[in-house]
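Sequence lines, in order, name chains A and B. Residues 1 to 287 in our numbering are what the first sequence spells out, letter by letter. Residues 1001 to 1247 in our numbering are what the second sequence spells out, letter by letter.
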Amino acid sequence: MISAPDTWRPSPRELERREIRRTLRRRSILVSTVATVLVLGGLLIGTVSSPGWASVKATFFSWDDAKAAFPSIWHAFWTYNVKLFLIGEVLILILALAVAVLRQSRSPVLLPLRIIAVIYTDLFRGIPTILLVFMLAFGMPALNLQGVTNSLFFWGLVALVLSYGAYVAEVIRAGIESVHPSQIASADALGLSRVQAMRYVVVPQGIRRVIPPLLNDFVSLQKDTALVGAAGVFDALFAARDYANYQFNFTPYVVVAGYFVVLTIPLARFTDHLQHRAMERERQGAR
Amino acid sequence: MSEALLEVTDLRKSYGDKVVLRDIDLRVRTHDVICLIGSSGSGKSTLLRCLNLLEQIDDGVIEFEGREISDPRIDPRAVRSRVGMVFQAYNLFPHLTVLDNCTLAPRRVHGVTKGEAEQRARDLLARFGLADQADKHPDRMSGGQQQRAALVRALCTQPTLLLLDEITAALDPELVGEVLTIVRELAEQGTTMILATHEMAFARDVATAVCFLDEGRILEQGPPAEIFSRPREERTRRFLSRVLPPA
Chain A
1 MISAPDTWRP SPRELERREI RRTLRRRSIL VSTVATVLVL GGLLIGTVSS
51 PGWASVKATF FSWDDAKAAF PSIWHAFWTY NVKLFLIGEV LILILALAVA
101 VLRQSRSPVL LPLRIIAVIY TDLFRGIPTI LLVFMLAFGM PALNLQGVTN
151 SLFFWGLVAL VLSYGAYVAE VIRAGIESVH PSQIASADAL GLSRVQAMRY
201 VVVPQGIRRV IPPLLNDFVS LQKDTALVGA AGVFDALFAA RDYANYQFNF
251 TPYVVVAGYF VVLTIPLARF TDHLQHRAME RERQGAR
Chain B
1001 MSEALLEVTD LRKSYGDKVV LRDIDLRVRT HDVICLIGSS GSGKSTLLRC
1051 LNLLEQIDDG VIEFEGREIS DPRIDPRAVR SRVGMVFQAY NLFPHLTVLD
1101 NCTLAPRRVH GVTKGEAEQR ARDLLARFGL ADQADKHPDR MSGGQQQRAA
1151 LVRALCTQPT LLLLDEITAA LDPELVGEVL TIVRELAEQG TTMILATHEM
1201 AFARDVATAV CFLDEGRILE QGPPAEIFSR PREERTRRFL SRVLPPA
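The structure is reproduced here in structure tokens:
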């Protein structure tokens, strides 16, 4: 059917309405701008006009010290912190997914593994990560085992993976459990096995739902890579402390904080983008 | 002619380049039951969504209770608190019991006390044969029960206009009857309704006016007797010959 050529021109009422909408929009932009300037400006002025600001500025925000400490912190940050979390995140995802799926399994043969999975999550979520770092980084080498590395970096990594694996496993399990039972029924009806249903139907949906909390845990992990410094790995925080102790200036701490922030923001935007894309593709009525 | 409860003039709605509604004129008086018929994609649902401001229209005027609600300065929530809507997929809140689904808006939006809201909800649920379902969660009920509960939820706010968007499309024939009986009762009590529907027999019996939508236009509108037995447009005739059982 051929529809008649569209000769529509906005009516005077519609033009008037658009003008009202523009005015309303301008007003809300104005309000948000004023509110932002007031709040942020107030905070800034409050900070700068505090009595000790001059000395805080000299000890925390010294440009010269920032420049001087920059290269050594960068080196430590890159060789330890970045490597720790890049390797760590992959291992954590694998471990956590395995534990989460294991806890959902119904096969009687897997019962012992299921028990281990439960004990593992309960135990390792309970132990403070820094204690785990100490126990593994100092305890494992002390065992004098043949052929086992004494590398602090390695055992620090293991501690982080074990600790975060337990957290992330619970996040993923929550995602898996949030998938409606009718999805499993529909996978069963297509003749998929239990494992296939998990692999192709349940886990992909579950993971997608828990991407924000997963990101949360990964950002948290990025920061907690600084804990291995406590066990003697010369990471970014250690490098900053080193500088601060020699120069009596805390600016390097701010520099380290800057590194961590710069590292996490792109990851946050990237996951936002992924979420948004999935939503647009799969859901009607999403805006 | 009495004052119109809802009056739509020259309404137009498009998504990008795709025009989904054009030149829509519609007058609804109190106690009217308007049935929107037409094939899928003809714009029935979009029209309903425009009427309670779930969609922003691109042109035209919608007047409700004598006020232009298509004005951007109107608070949509004030309109929606007077207009009830029921969706094809029920859209009950799965985390709340049926009773809590029905008392949420009366208590939080209309400021009705808990006791009164629950009393009203229980009365309506009982009338619709759901007295024993009040404390269940929606997913535990059958489709027909869920849709009846969704109707009760919409009625609990005592709306002056009820919008029903293909509310029987997801139900099997037996359950369709169960839900339509209730809608019929509501119509007999004088509830003003606009419904998008594929149930032609129901439209013929209950509607005060039928609108046939095609490619975003109301191609033809009038009393059901006229539309169903003497359609003016060829397009309407073709549509009806496909959906009506042979007489």
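Every residue gets a Cβ at the ideal spot worked out from N, C-alpha and C, and that includes glycine.
By the 16-neighbour rule on beta-carbons within 10 angstroms, Asp-1025/B is exposed. The three-state reading of DSSP puts Phe-1093/B in coil, since its state is none of H, G, I, E or B. Runs of the alpha helix (DSSP H) spanning 4 or more residues and lying entirely within the segment 117-144 of chain A occur at 129-142, in chain order. Inter-segment contact for the segment 162-172 of chain A and the segment 107-121 of chain A is present: three or more beta-carbon pairs are separated by less than 8 Å. As the crow flies, the alpha-carbon of Ile-1194/B is around 8 Å from that of Leu-1048/B.
Comparing alpha-carbon positions, the option among Ser-1070/B, Cys-1035/B, Arg-1153/B, Gly-1016/B lying closest to Thr-1192/B turns out to be Cys-1035/B.
When Cβ-Cβ separations below 8 Å define contact, Arg-1073/B makes contact with chain A.
Within the model, the alpha-carbon separation for Leu-91/A versus Glu-170/A is close to 16 Å. By the criterion of a C-beta distance shorter than 8 Å, Ile-211/A is surrounded in its chain by Thr-271, Leu-274, Gln-275, once the five residues flanking it on both sides are discounted. Flagged as an interface residue toward chain A: Val-1061/B, by a C-beta distance shorter than 8 Å. Cβ neighbours of Arg-1107/B within its own chain (closer than 8 Å, five residues either side excluded): Thr-1113, Lys-1114, Ala-1117. Under the 10 Å beta carbon count, Lys-57/A is surrounded by fewer than 16 other beta carbons and is classified as exposed.
The beta-carbon separation of Glu-1007/B and Glu-1063/B, rounded to 4 Å, stays under the 8 Å limit for a contact.
Inclusion of Val-1206/B and Ala-1187/B in the CB contact set at 8 Å is warranted, their separation being smaller than that value.
Within the DSSP secondary-structure output, Gly-156/A pairs in no beta bridge. As the crow flies, the alpha-carbon of Thr-149/A is around 29 Å from that of Val-256/A. Val-1176/B is classed as buried because its beta carbon has at least 16 other beta carbons within 10 Å across all chains shown.
Beta-bridge partners of Lys-1044/B (DSSP): none assigned. As the crow flies, the alpha-carbon of Arg-21/A is around 10 Å from that of Leu-15/A. The C-beta of Pro-10/A comes closer than 8 Å to at least one C-beta of chain B. Assignment of beta strand (DSSP E) within the segment 1074-1146 of chain B, counting only whole runs of 3 or more residues, yields 1083-1086 in chain order. DSSP places Cys-1050/B within a helical segment (H, G or I) once states are collapsed to three. Residues Met-1200, Phe-1228 of the same chain have their beta carbon placed closer than 8 Å to that of Leu-1244/B, with the five preceding and five following residues left out of the count.
Restricting attention to Gly-41/A, Val-34/A, Ala-68/A, the CA atom closest to the CA of Ala-244/A is found in Ala-68/A.
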